[in-house]
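For the record, in the sequence shown the residue sitting at position 9 is 9 according to this note's numbering, with numbers rising by one throughout.
Virtual Cβ for every residue (Gly too), placed ideally from N, Cα, C.
Read through the structure below, which is laid out as structure tokens, and then see the notes.
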Amino acid sequence: MADIAIERVETLKTGDLHDLCDATDDAIKAGGGFGWVAPPARDIMERYWKGVLVVPERILFVARLDGVISGSAQLLKPARNNEAQAHAATLTTNFVAPWARGHGLAKKLTQAVEDEARACGFRILNLDVRETQDAAIRLYEDLGFKRWGTHPFYALVDGKRLAGHFYVKELSPDNAQDETPR
């Protein structure tokens, strides 16, 4: 049986950074690159992940399969000056490398971000996904995310237009006490 763990990450050791970059490269090559169509040079990828860790509005979670980082997800908080949308956070960069799929890691990553959003006081969790991400779409809908819109020209991949779907999930009832998220 596989050893599975989901962790909130505040620092990355060199080996973990390399594992995360490898998993990201594999996910991009499989068509799920959260914006990338082809893997960037390794130094760019390493700078991206190091940068994530220094942005206060981003909380990084990683999935481990048998001790190796095999996926990630981020909770993106709204900018501090955005009072009107301070109640809503975004789930982003949610992926699992192809070699680690089938173990429930994507679901566990999504739930970890959702739990963190709730713990931070957010009432809404938003996300968007390419129309080609069938497994992700099924997962989000199974977890209660509601599609509220589709952008017909969301992405351009290999010269082909792809639609993108936008989802929302209410994390607390409308009658919950108003408070500013952390």
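Whole angstroms are fine: how far does the CA of residue j sit from the CA of residue i?
i      : j      : result
Ala163 : Val157 : 11 angstroms
Lys77  : His87  : 9 angstroms
Arg47  : Val54  : 11 angstroms
Glu131 : His165 : 6 angstroms
Glu7   : Asn126 : 21 angstroms
Ala27  : Lys169 : 25 angstroms
Asp115 : Ala100 : 23 angstroms
Asp66  : His103 : 11 angstroms
Val29  : Thr150 : At residue 29 the sequence reads Lys, which differs from the Val that was named. Approximately 24 angstroms between the Cα atoms of the pair.
Pro56  : Arg80  : 10 angstroms
Tell me whether residue i is buried or exposed, calling it buried when 16 or more other Cβ atoms sit within 10 Å of its Cβ.
i      : result
Arg123 : buried
Met1   : exposed
Gln85  : exposed
Arg64  : buried
Glu141 : exposed
Ala135 : exposed
Ala106 : buried
Ala89  : buried
Apart from the five residues on each side of it in sequence, which residues of its chain come closer than 7 angstroms, Cβ to Cβ, to residue i?
i     : result
Ala23 : Ile69, Ser70, Gly71, Ala97
Thr93 : Phe34, Ser72, Ala73, Gln74
Among the residues of its own chain, which have a CB less than 6 angstroms from the CB of residue i, if the five just before and after it don't count?
i     : result
Val52 : Arg58, Leu60
Is residue i near the ligand COA, in the sense that its beta carbon is under 8 angstroms from a heavy atom of that ligand?
i      : result
Asn126 : Only the bare structure without any ligand can be found here, which leaves the ligand COA out of the picture.
Go through its chain and collect everything with a Cβ distance to residue i's Cβ below 8 angstroms, but skip five positions before and after it.
i      : result
Met45  : Cys21, Thr24, Asp25, Pro39
Arg118 : Leu171, Ser172
In chain order, which continuous runs of the alpha helix (DSSP H) of length 4 or greater are located wholly inside the segment 23 to 109? 42 to 54
Which residue spans inside the segment 101 to 153 form an unbroken beta strand (DSSP E) run of at least 3? Every beta strand (DSSP E) stretch that sits fully inside the segment 101 to 153 and reaches 3 residues is listed by chain position as 124 to 130.
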